[in-house]
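Visitor: Following this message is one structure expressed as structure tokens.
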Amino acid sequence: MQHVRAQMAFGPRPTGSEASRRTAEYIQTRLRAAGWEAEEQTFTYRGVPVRNLIGRAGQRGGPVFLLGAHYDTRLRADRDPEASAQPVPGANDGASGVAVLLELARVLDLSTVQGEVWLVFFDAEDNGRLDGWDWVIGSRYFATNMAVTPEYVIIVDMIGDAEQDIYYEGNSDPLLREHLWTLAAELGYSAYFIPEVQHTLLDDHVPFLERGIPAIDVIDFDYPYWHTVEDTVDKVSPESLERVGRVLETFLESGGRYPVSGEGAAERGGN
């Protein structure tokens with residue numbers, strides 16, 4: 017929870033704001049403290065500076081395993097009829113995914129991972145339909161300008177709700193999705209990772225899917241405080257963060273590969 021609280025201490029973090037800049041510096045500082053290389057990708061959208069952040073560690077030259085989350089928050093709480101002009105605090109929708117990836121950077125045993133891990137923190141995900149903005153601006157720019165194609169992409173978003181129900185997301189790659197949910201069940205989390213499609217979403221995984229890269233969205237979209245001023249730190253559960261982080265850690269520390277078809281078939285992410 018410390019990473020959630022640290023981000024929340026900066027206030028709402030819309031793209032281009034001072035709070036966004038401070039959050040980006042915090043993310044980079046925590047990555048470097050964990051021994052990861054920290055880089056950034058900058059561009060401008062509608063006159064606003066956008067900043068994607070990339071942490072890299074593991075086997076250079078090996079397959080790239082990309083895990084991502086957005087760190088920006090929505091400029092206005094347009095789903096809140098009482099406060100629609102106010103910014104969204106973004107404890108769950110923003111800070112929770114970042115917190116899981118930063119903790120993963122700290123605890124991951126990279127010697128067990130059969131490739132290079134990229135932790136990418138996307139900017140400009142969450143202002144779609146506000147002031148002429150589109151959704152997933154940062155991830156779309158990143159996917160369009162990659163010099164290296166990752167083996168797969170796993171996005172974590174809105175995963176901190178105390179009432180955690182993480183269903184399959186309809187656009188997500190079926191094989192990677194099934195593998196991760198099966199792993200969650202093996203860890204005792206079947207009550208929280210539910211292998212049924214509940215929502216089909218435009219999120220940061222979609223720009224990668226559009227380029228033929230297997231990608232999934234690990235998201236609990238049944239969150240009543242989404243895009244309201246009530247998306248506050250008291251709604252985030254450390255147990256929910258722990259479950260998602262543990263699934264990702266176990267997946268990567270088992271090599272970071274998954275079967276591309278039935279049992280005994282070749283694996284994605286390996287040589």
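Using our numbering, read the sequence shown as starting at 17 and increasing by one per residue.
Ideal Cβ placement from N, Cα and C applies to all residues, glycine included.
Keep in mind the model is a prediction, meaning the values are calculated, not measured.
Hey, could you find the ends of the alpha helix (DSSP H) residue 197 is sitting in?
Guide: Residue 197 sits at position 181 when you count from the first residue of the sequence shown. From DSSP, the alpha helix (DSSP H) with residue 197 extends over 190–202.
Visitor: Which first and last residues belong to the beta strand (DSSP E) in which residue 19 is found?
Guide: Mapped onto the sequence shown, residue 19 falls at position 3. Element bounds for residue 19: not the beta strand (DSSP E) but the alpha helix (DSSP H), 18–25.
Visitor: Taking DSSP as the reference, what is the three-state secondary structure of residue 172?
Guide: Reading the sequence shown from its first residue, position 156 is the one you call residue 172. Residue 172: strand per DSSP, three-state reduction.
Visitor: For the beta strand (DSSP E) holding residue 184, just list the boundary residues, first then last.
Guide: Position 168 of the sequence shown, counted from the first residue, corresponds to residue 184. It spans 182–185 - the beta strand (DSSP E) in which residue 184 sits, taken as one unbroken run.
Visitor: How would you label residue 31, buried or exposed, when you count the other beta carbons within 10 angstroms and need 16 or more for buried?
Guide: Locating residue 31 in the sequence shown gives position 15, counting from the first residue. Burial call: buried.
Visitor: Between residue 55 and the rest of its own chain, which residues show a CB-CB distance below 6 Å, the 5 nearest in sequence each way excluded?
Guide: Against the sequence shown, residue 55 aligns to sequence position 39. 70, listed in sequence order.
Visitor: Among residues of its own chain, excluding the 5 on either side of residue 155, which ones have a beta-carbon nearer than 6 Å to its beta-carbon?
Guide: Taking the sequence shown and counting its residues from 1, one reaches residue 155 at position 139. So the list reads 138, 220 and 223, once near-sequence residues are dropped.
Visitor: Taking 8 Å as the cut-off, does the stretch 90–110 touch the stretch 155–166 (at least 3 CB pairs, one atom from each stretch)?
Guide: The stretch 155–166 vs the stretch 90–110: no contact.
Visitor: Which two residues bound the contiguous alpha helix (DSSP H) that contains residue 159?
Guide: Along the sequence shown, one-based indexing puts residue 159 at 143. Start and end: 153–160.
Visitor: Which residues in the same chain have their Cβ closer than 7 Å to the Cβ of residue 236, if we skip the five residues on either side of it in sequence?
Guide: Translated into the one-based positions of the sequence shown, residue 236 becomes position 220. Closer than 7 Å at Cβ, skipping near neighbours: 174, 175, 177, 180, 181 and 182.
Visitor: Start and end of the alpha helix (DSSP H) containing residue 44?
Guide: Residue mapping note: residue 44 aligns to position 28 of the sequence shown, counting from 1. Note, residue 44: alpha helix (DSSP H), 34–49.
Visitor: Mapping DSSP to helix, strand and coil, what is residue 267?
Guide: Within the sequence shown, residue 267 is the residue found at index 251, counting from 1. Helix, per DSSP.
Visitor: Within 10 angstroms of the Cβ of residue 202, are there 16 or more other Cβ atoms? Answer buried if so, exposed if not.
Guide: Locating residue 202 in the sequence shown gives position 186, where the first residue counts as 1. Label assigned to residue 202: exposed.
Visitor: I need the boundaries of the beta strand (DSSP E) containing residue 74, first residue and last residue.
Guide: Translated into the one-based positions of the sequence shown, residue 74 becomes position 58. Residues 64–74.
Visitor: Would you be able to state if there are at least three C-beta pairs under 8 Å between the stretch 58–77 and the stretch 254–266?
Guide: Not touching, per the Cβ criterion.
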